[in-house]
Structure formats: C-alpha cells, structure tokens
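K.L.:
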Ligand code: BT5
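Numbering (this note's numbering), first residue to last: 12 to 262.
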C-alpha cells in the first residue's frame, strides 16, 4: 500500500482523482493524498471538511479479487486498519461505528467512503477514501461539524506527525489485505467485532423511506449490519443506504 504515490496540494476529492486514475489502469495499492480537499465527499451526497494540512485526506486504490457484492468487505478491512493504526500511534481507544466511522470520546475522528467500479459479476476496483482529523482545532471545522468532530490533537493535546500516522495506516492495511488473502476474511471480521461500538447497542436506522428503532446484533460475513427491530423482525442493513444513530442520541 502506498508504494505508488500521488501527492497533491489541493484537489476537489482524492476519491474522484483515484477513480479517474483507476480507469487509466493505475496499480493496486496506489495512494492519493492531498493537503486539502475543496469538495471532500461523505456518503449520500454529504460533505467532508478537509482543512488544509490539518488532517490526512487520502484514498487508496485496491483491486481485490472479490465479487462486486463483496466490496463492502474492503470498507470493514480499512476501518480495522485505521482504528488499529490510530490506537497504536496515539495510544487512544478509538472504536469503529458501523460501517464507516471511527469514533473517539463519542465524536467522529475518521470517516471512510468506499466507492467501486464494477461491471456485471466483476469488481474492477475499490477506492477507499479516508478522512482523519489529526491536528485540527475546533475552529478549523465548519460550525455545524464542530460539536460532532474530534481530532487526535484535541483528544491528546499534542501535535501528531501525519507521516507517522499515515505510515502505520498503510502498514496495517497491507498486513490485513495479505491476511484476508491467505487466511480468509473471517479473521478480519473477528478483529472488526472486537473494535466496534455498534453491536449490542440500541440503534435508530434511518433509511430513505423509513426510520425505525432496533438493536444491532452483529454483522454478517459480507459486512451487512444485522438489526432486530422492536417487533422482533430481523433486518439486514446495507451500508450505502442508511445512517445509524444510537437510540438515545438527540439528533
Ligand atoms: C463519511 O461520510 O464519514 C465519509 C467521509 C470520507 C472522507 C474522505 S477524505 C478522503 C476521501 N475523499 C473524499 O472526497 N472523501 C474521502 P458520512 O458518514 O456521510 O459523514 C459525513 C458527515 O460527517 C457530514 O455530514 C458531517 O456531519 C460530518 N463531517 C464532515 N466533515 C467532518 C470532519 N472533518 N470530521 C468529522 N466529521 C465530519
């Protein structure tokens, strides 16, 4: 991971550039990283604040040997890699909130946006976009994000070397990709389960056409969240379609 490298001062979105390069046959493991993003993207049309030099705004291009329906496994793997890396380098206890957030002290430290290029039955590439707030202060975030976001600097009140955090993320990703290829995905899932703070909790599932309360039971082998509705019906929730809030959150 990161043995091919594309460093930018400013881009709209590292994911957009990664997808463009993927279509031009860029190699597995390519890292695209930018000091700032002018149009950083979250999921479902949401934005991602990417203040200049205050965080790691990057995308990694993967060409996994997976079917398109298994692509969400790459997001789970990336979440485990980033969470492990952050906890190792910063000595904190960050947790994964299904599917794509990493929380620290209940606030959002990292967002992950996976996008894929596929044709029927064939996955061409997955772009894993990672936004990690390293050295941002409260005033570096837009006002609507200030209360929900956190940076490593805010949590640990010291400056973090972005190089060091980045190197650990890439190392962890490389290790886990190799582990998934040789030992199968079950061992990645096991690590995800240990690091997550979603399963076992009451959640509010916000889908496009309905919102309901339930209990997050587990994730299945493809990364879907298994939720038991209050009426006992068991649902499987796909990451792209929903937001999850903890049931006692006010928002
Ligand atoms: C995500 O979406 O969490 C995925 C974010 C992925 C960002 C990376 S950066 C590199 C790559 N290139 C891109 O263009 N994107 C990826 P979602 O779950 O939809 O969360 C978005 C929400 O998080 C926003 O609506 C805000 O409420 C909040 N948010 C925005 N910027 C934030 C930040 N810097 N830190 C914490 N929360 C933020």
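Glycine included, every Cβ here is placed at the ideal spot set by N, Cα and C.
Fair warning: this is a prediction, and the values are worked out from it, not measured in the lab.
For residue 178, which of helix, strand or coil comes out of DSSP?
P.N.:
Helix.
K.L.:
I think residue 126 touches residue 30, with their Cβ atoms under 8 angstroms apart; what is that distance to the nearest whole Å?
P.N.:
Residue 126 to residue 30, Cβ: 6 angstroms. Contact.
K.L.:
Measuring only the C-alpha atoms, how far is residue 107 from residue 141?
P.N.:
The straight-line gap from Cα to Cα measures roughly 13 angstroms.
K.L.:
Any idea what DSSP makes of residue 63, helix, strand or coil?
P.N.:
Residue 63 falls in the coil class under three-state DSSP.
K.L.:
Nearer than 7 angstroms: is that true of the beta carbon of residue 48 relative to any heavy atom of ligand 1?
P.N.:
Residue 48: yes, Cβ under 7 angstroms from ligand 1.
K.L.:
For a quick check, are the C-beta atoms of residue 176 and residue 97 less than 8 angstroms apart?
P.N.:
Yes. Within cutoff.
K.L.:
Which residues does DSSP list as the beta-bridge partners of residue 18?
P.N.:
44, per the DSSP bridge assignment.
K.L.:
I'd like to know whether the C-beta atoms of residue 234 and residue 119 end up nearer to each other than 8 angstroms.
P.N.:
Their beta carbons are not under 8 angstroms apart, which means residue 234 does not touch residue 119 by this criterion.
K.L.:
Run through the DSSP bridge pairs and tell me what residue 225 is partnered with.
P.N.:
Residue 225 pairs with 214 and 240.
K.L.:
Does the beta carbon of residue 207 fall short of 7 angstroms from some heavy atom of ligand 1?
P.N.:
No; taking the cut-off as 7 angstroms, the Cβ of residue 207 has no heavy atom of ligand 1 nearer than that.
K.L.:
State whether the segment 54-74 contacts the segment 25-42, with contact taken as three or more CB pairs (one from each stretch) at a distance under 8 angstroms.
P.N.:
At 8 angstroms Cβ cutoff, the stretches touch.
K.L.:
Between 216, 58 and 135, which has its C-alpha nearest residue 237's C-alpha?
P.N.:
Nearest of 216, 58 and 135 to residue 237, Cα basis: 216.
K.L.:
Taking just the CA atoms, how far does residue 90 sit from residue 110?
P.N.:
If you take the alpha carbons of residue 110 and residue 90, they lie about 8 angstroms apart.
K.L.:
When you compare only the Cα positions, how much space is there between residue 112 and residue 13?
P.N.:
The straight-line gap from Cα to Cα measures roughly 22 angstroms.
K.L.:
Thinking just about the alpha-carbon of each residue, which of 20, 33 and 77 is nearest to the one in residue 138?
P.N.:
Of the candidates 20, 33 and 77, the one whose C-alpha sits nearest the C-alpha of residue 138 is 33.
K.L.:
With residue 27 as the anchor, note down where its alpha helix (DSSP H) starts and where it stops.
P.N.:
That run of the alpha helix (DSSP H) goes 25-34.
K.L.:
Do residue 166 and residue 103 have their CB atoms nearer than 8 angstroms?
P.N.:
Contact: yes.
K.L.:
Closer than 7 angstroms by C-beta to residue 105: which residues in its own chain qualify, once you throw out the five before and the five after it? Chain order, please.
P.N.:
94, 97, 98, 113, 114, 115 and 120, listed in sequence order.
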